[in-house]
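Under the numbering used here, think of the first position of the sequence shown as 143, with each following residue one higher.
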Amino acid sequence: ATCEPHKRPAKIGPSLLASDLADLANESKRVIDAGADYLHLDIMDGHFVPNLTWGAPVVASLRKHTDAFLDCHLMVSKPSQWIDDIAKAGGNMYTFHLEAVDSDELSVEAICKAISAKGMKVGISIKPGTPVDSLEPHLKHVDMVLIMTVEPGFGGQSFMEDMMPKVLWLRSRYPELDIQVDGGLSPKTIDHAAKAGANMIVAGSSVFKPGEDPRVPITLMRRSVEQHGNGLALDQLTPMPTAAV
143 ATCEPHKRPA KIGPSLLASD LADLANESKR VIDAGADYLH LDIMDGHFVP NLTWGAPVVA
203 SLRKHTDAFL DCHLMVSKPS QWIDDIAKAG GNMYTFHLEA VDSDELSVEA ICKAISAKGM
263 KVGISIKPGT PVDSLEPHLK HVDMVLIMTV EPGFGGQSFM EDMMPKVLWL RSRYPELDIQ
323 VDGGLSPKTI DHAAKAGANM IVAGSSVFKP GEDPRVPITL MRRSVEQHGN GLALDQLTPM
383 PTAAV
């Protein structure tokens, strides 16, 4: 199944967890210079997901080196706890998990309002096991929905094509919504996500390949969203990069 053409722009966000973490500033610059639209930061607390990554100090340090849009994906047990810290650190979007709200004293709506009050965009995410219609009551409060296409916690997992009906369900009902997918996205899997209606593409391992020009996967994934999501003709797509710099 393929979505009706929509007008949400294709945006590619390299997932920095797949980069050389000892060289975060340069890795970020390299992918932004290669045409990336934003940077995706996975913040994991070791409780909500079985992995520990980084927190606001790393976001704040990176912010000193880039003007890029910082999309912070919080895989944490208590989403309301980190809103102030991430806002102060320079985060631009704060995406929290619907499943985590059970262990938070604030409601979904209150969390969304607190994020907006700090000047950040609001994202809400669901894990593969969570039904998509559980998001419906909350969509009026958010700027973006993230459909996880792997079990959150670790990079390098395989793309779950069976999550695409969730994306299609959202796109068919909410043509103006930004829909992000995260997990296993690459030039090989992008067409499934683009056809379902995803327009914000998080990609880690496929963009941060040592010795490879990141312009190629970034442009290939953008072209897929333009063709299959926006319904553009081949001659209207973003041109492929010329030989590597």
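The C-beta atom is built at its ideal place from N, Cα and C for all residues, glycine as well.
In this text, all values refer to a predicted model and were calculated from it rather than measured experimentally.
Residue burial annotation: Leu362 is buried, with at least 16 other C-beta atoms found within 10 angstroms of its C-beta. In the structure shown, the three-state DSSP call for Leu374 is coil. Spatial neighbours of Ile225 in its own chain (CB-CB distance under 7 Å, excluding positions within 5 residues in sequence) are listed in chain order as Tyr236, Ala256, Ile257 and Lys260. Looking at the DSSP output, Gln322 bridges to Leu288 and Met342. Apart from sequence neighbours up to five positions away, the residues of its chain that approach Ile174 with a beta-carbon distance below 8 Å are Leu181, Thr208 and Ala210, ordered along the chain. Around Leu212, the same chain offers Tyr180, Leu181, Leu183, Val201, Leu204, Arg205, Gly232, Gly233, Asn234 and Met235 as residues with beta carbons nearer than 8 Å, after the five sequence neighbours per side are excluded. Uninterrupted alpha helix (DSSP H) stretches at least 4 residues long and entirely within the stretch 240–273 occur at 250–259, given in chain order. DSSP places Thr361 within a helical segment (H, G or I) once states are collapsed to three. Within the DSSP secondary-structure output, Lys153 pairs in a beta bridge with Met342. For Asp175, the enclosing alpha helix (DSSP H) starts and ends at Leu166 to Asp175.
Pairwise C-beta distances place the stretch 183–194 out of contact with the stretch 161–174, as fewer than three of them are shorter than 8 Å.
For Leu312, no beta strand (DSSP E) segment is defined; the enclosing uninterrupted segment is the alpha helix (DSSP H) at Met306 to Arg315. In this chain, the beta strand (DSSP E) harbouring Leu216 covers Leu212 to Met217. Proximity to Gly373 across Val349, Ala340, Lys351 and Cys254 peaks at Ala340, based on C-alpha coordinates. Spatial neighbours of Thr272 in its own chain (CB-CB distance under 7 Å, excluding positions within 5 residues in sequence) are listed in chain order as Leu240 and Glu241. When the beta-carbon positions are compared, Gly177 and Ile360 come within less than 7 Å of each other.
Judged by DSSP secondary structure, Asp227 falls outside any beta strand (DSSP E) and instead within the alpha helix (DSSP H) spanning Ile225 to Ala231. Rounded to the nearest whole angstrom, the C-alpha separation of His334 and Asn168 is 31 Å. Pairing Ser348 with Glu247, the inter-Cα distance amounts to about 38 Å. In the structure shown, Leu327 falls within a coil segment according to DSSP collapsed to helix, strand and coil. In the DSSP assignment, no residue is bridged to Met382.
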